Amino acid sequence: MRAWPPATGAKATAVRERAEAAVLRQGVRYRTIFRALLAGIIALSAVIVLTGTVGLFSETRARPLTVAEQNRYKQEEIARRWQAWPATGVFPEEVKYLGLEKATQYARRVGIAPQAGCDKAVDQAVAGVLAEFGCVAVLRATYVDQTSSFVITVGVAVLKDEESRASVTEQLTLDDRVGVLPVAFPGTVTERFGTEQRQRNAWVGAGPYVVFSTAGYVDGRTRAAVPPEEILHSELWPAAKSIGNQIAYFLADPPAVPPCTQGNVC
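With my numbering applied, the sequence shown corresponds to residues 5 to 270, in that order.
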């Protein structure tokens with residue numbers, strides 16, 4: 005085969021220029037495609053960011069609370085009070101109650117017991133029901149009436165939610181011989197108050213709490229030593245129930261609900 009001599013002179017220059025022009029056109033074409041892709045990506049990203057910003061703004065801007073949100077706020081606030089409040093908030097130093105002829109009187113708090121397990125602070129018949137529905141803890145405090153004649157222990161059983169508490173109160177016995185175990189404080193007028201001295205026991209449901217109350221005489225009289233007709237007509241039990249109900253009211257009193265998701269201004 006005959007070999008052709010390489011192009012020289014003007015012809016070689018023309019070939020080289022055509023090759024360079026082809027490479028240049030290819031580069032321009034690739035750059036145009038790259039720019040188009042980059043512009044598309046930037047535009048799509050901008051749309052995504054804008055959409056997310058609008059959605060975030062919609063979610064975070066202040067707006068009126070729905071009825072469901074208001075109810076949830078109340079439930080959560082009430083449910084955390086047993087921990088959020090100091091013990092003296094759960095059990096105030098003085099509790100108002102109605103005495104004879106509906107006279108307003110005040111019970112005085114003698115002491116607050118350490119937080120106890122649910123099986124340690126109530127009778128076993130009650131402890132079994134509390135355990136079945138997820139009791140968390142029991143708080144107790146002891147009061148004396150205004151005349152220092154009666155001693156009253158109030159116990160707050162904490163359930164995990166209001167539904168659990170409702171299940172507990174459906175199962176609790178109406179036997180007034182069982183309930184919260186009394187707490188006596190040595191060196192005070194309550195020191196004789198034990199399980200045999202309990203005259204009656206009762207409970208009331210409030211939010212996620214069951215509030216128990218039990219009462220006796222400061223002189224240490226046992227239940228067996230008091231005729232039934234005497235306890236039925238005594239001021240002791242109305243005072244004890246009133247004090248327990250007041251504690252329950254404090255714990256479950258609905259809080260003020262902010263009207264908006266970010267406070268008082270929507």
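The C-beta atom is built at its ideal place from N, Cα and C for all residues, glycine as well. As the structure is a prediction and not an experimental result, all values here were calculated from the model.
Kindly say whether residue 104, judged by its beta-carbon, lies nearer than 7 Å to any beta-carbon of chain C. No chain C is present in this structure, which holds just one protein chain.
Tell me whether residue 61 sits in a helix, a strand or coil according to DSSP, three-state version. A caution first: residue 61 carries a pLDDT of 44, below 50, which makes its placement in the model unreliable, though a value can still be read off. DSSP places residue 61 in helix when its eight states are reduced to three.
On the three-pair Cβ rule with 8 Å, is the segment 165 to 185 touching the segment 135 to 145? yes
For the alpha helix (DSSP H) containing residue 254, list its first residue and its last residue. 240 to 256
Three-state secondary structure (DSSP) of residue 119: coil
Inter-residue Cα distance where the pair is residue 264 and residue 134: 37 Å
Boundaries (first-last residue) of the alpha helix (DSSP H) holding residue 132: 128 to 136
Going by the CB atoms, is the gap between residue 214 and residue 131 shorter than 7 Å? no
For residue 227 and residue 200, believed in contact at Cβ under 8 Å, the rounded distance: 7 Å
Cutting at 7 Å between CB atoms, please list the residues of its own chain near residue 208, excluding the five before and the five after it. 215, 248, 249, 252
Rounded to whole angstroms, what is the Cα-Cα separation between residue 109 and residue 243? 9 Å
For residue 85, which option in 231, 245, 212, 241 has the closest C-alpha, if you only look at C-alpha atoms? 212
Quick one: what's residue 98 bridged to in DSSP? 112
What is the DSSP secondary structure of residue 204, counted as helix, strand or coil? strand
Start-to-end residues for the alpha helix (DSSP H) that takes in residue 143: Segment 139 to 148 is the beta strand (DSSP E) holding residue 143; no alpha helix (DSSP H) there.
Of all the options 129, 145, 147, 159, which has the alpha carbon lying nearest to the alpha carbon of residue 178? 129
Distance between beta carbons of residue 206 and residue 2, contact taken as under 8 Å: Only positions 5 to 270 of the chain appear in this structure, which leaves residue 2 out of reach.
Range covered by the beta strand (DSSP E) that runs through residue 163: 154 to 163
Could you tell me whether the segment 144 to 161 touches the segment 107 to 124, using the rule of 3 or more Cβ pairs below 8 Å? yes
Determine the extent of the beta strand (DSSP E) in which residue 214 is found, giving its start and end residues. 213 to 221
Can you name, in chain order, every residue of its own chain whose Cβ lies under 7 Å from the Cβ of residue 234, other than the five neighbours on each side? none
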